[in-house]
Amino acid sequence: MIIADGFKGKVFTDPTEEELEEYRSKQAAYLKEKESLNEYFSKETVTKSGVKKHVYGNIGKAEDAQNVLQNGGEGIGLFRTEFLFMDRASLPTEQEQYEAYSTVAKITDGKEVIIRTLDIGGDKAIDYLKIEKEDNPFLGHRAIRYCLDNPKIFKIQLRAILRAAVFGNIKVMLPLVTTLDEVRRAKALIEECKDELKNEGLKFADIPVGVMIETPSAAIISDLLAKEVDFFSIGTNDLTGYTMAVDRGNAAVSKLYDPIQPAVLRLIETTIKNAKKAGIPVGMCGEAAADTRLIPLLC
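Residues in the sequence shown are numbered from 65 upward in steps of one, following our numbering.
So, in structure tokens, the structure goes:
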């Protein structure tokens, strides 16, 4: 018998009776707490001061969308499409991606679905793409940088997203944006894909384009980015790491990894103010989205 503690990331082999008793008690308490939350699934998310907030769920595969809705989610805030590319020997075809995205659109039935384009590199490696090994992959050839340098791969995904948008309320989001040029080049490729699909007689729908604000540079130029896109989503995990120059997996410095650090809060504030000024919506994902310390600051 083993005990898997998902909260602490620990596994106990051949646990003692005392450990078994402790974790059975923890499991019972967790299930009781989870059941007590069921009554809130169908209720609106409103602060005590009357501010309405939308709560979406993140998914890594199409089948997860149903779980989000069953647990009270109002839509899909982030479809991590890189998981479609993993654990396989070759790139997913346009048809395979189209089927995955359209499945989510159909399951959500008109609710918002934000699809993040391929975000590889850093801690997400895909062997068959043969990406050159880097000394510092988190600052290297990843996410939107890789996609723009590999337009054939990028366009296959964009075409699939455009086609799937016929079935629902789909939006596309660009990860790790640091410059205006990246956004403009990505938008140009989207227009190319539209022209191709039109010429091929394939149905597609226009899609709003947004960016992940997860680098200090993106937050600093968010006033300029807001003029180019339809929405923002603040990726607090990477934004915190890049802003504080800290590896959250490094125990020696992990105490610095905190979204409530003034430097991080200032970048979040800047982004929200610029989004409001431009009249575009702004969302938040990552661990900070569930950090109760931030509620009075963000609401």
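Cβ atoms here follow ideal geometry from the backbone N, Cα and C, with glycine treated the same way. Note that the coordinates shown come from a computational prediction; the quantities given were computed from them, not determined experimentally.
According to DSSP, residue i sits in a beta bridge with which residue or residues?
i	result
Ile179	Phe143 and Val236
Ser297	Met276 and Gly347
Thr109	Lys117
Phe202	None; Phe202 has no bridge partner.
Thr77	Ile66
Asn122	Leu142
Taking the CB atoms as reference points, tell me whether residue i and residue j lie closer together than 7 Å.
i	j	result
Asn314	Gly350	no
Glu176	Ile220	no
Leu240	Ala207	yes
Glu138	Val119	yes
Tyr306	Thr279	yes
Phe76	Glu82	no
What whole-angstrom Cβ distance do residue i and residue j have, given they're in contact under 8 Å?
i	j	result
Ala229	Ala269	4 Å
Thr304	Val328	5 Å
Phe296	Val275	6 Å
Gly347	Gly141	6 Å
Ile234	Tyr165	7 Å
Gly185	Tyr162	24 Å between Cβ atoms; not a contact.
Leu182	Thr145	6 Å
Ile178	Phe147	Ile178 to Phe147, Cβ: 15 Å. No contact.
How many angstroms separate the CA atom of residue i from the CA atom of residue j?
i	j	result
Gly343	Asp213	31 Å
Leu366	Ile336	Shown here, the chain extends from 65 to 363; a query on residue 366 therefore has no answer.
Gly174	Gly232	5 Å
Leu155	Phe149	6 Å
Leu133	Ile171	9 Å
Val293	Met237	10 Å
Pro323	Asp191	32 Å
Arg248	Ala92	52 Å
Lys251	Arg312	33 Å
Ala339	Glu333	10 Å
Leu253	Lys112	44 Å
Gly70	Tyr94	12 Å
Leu358	Lys267	43 Å
Val115	Ile285	28 Å
Val310	Ala352	16 Å
Leu222	Lys262	14 Å
(Q) Between the region 257-266 and the region 187-199, can you find at least three pairs of beta-carbon atoms closer than 8 Å? (A) no
*asked:* If contact is defined by three or more beta carbon pairs under 8 Å, each pair taking one atom from either stretch, is the region 241-254 in contact with the region 279-291?
replied: yes
The region 106-116 touching the region 80-89, judged by at least three CB pairs closer than 8 Å: no
Determine, using beta-carbon pairs with one atom in the region 111-125 and one in the region 328-337, whether at least three such pairs fall under 8 Å. no
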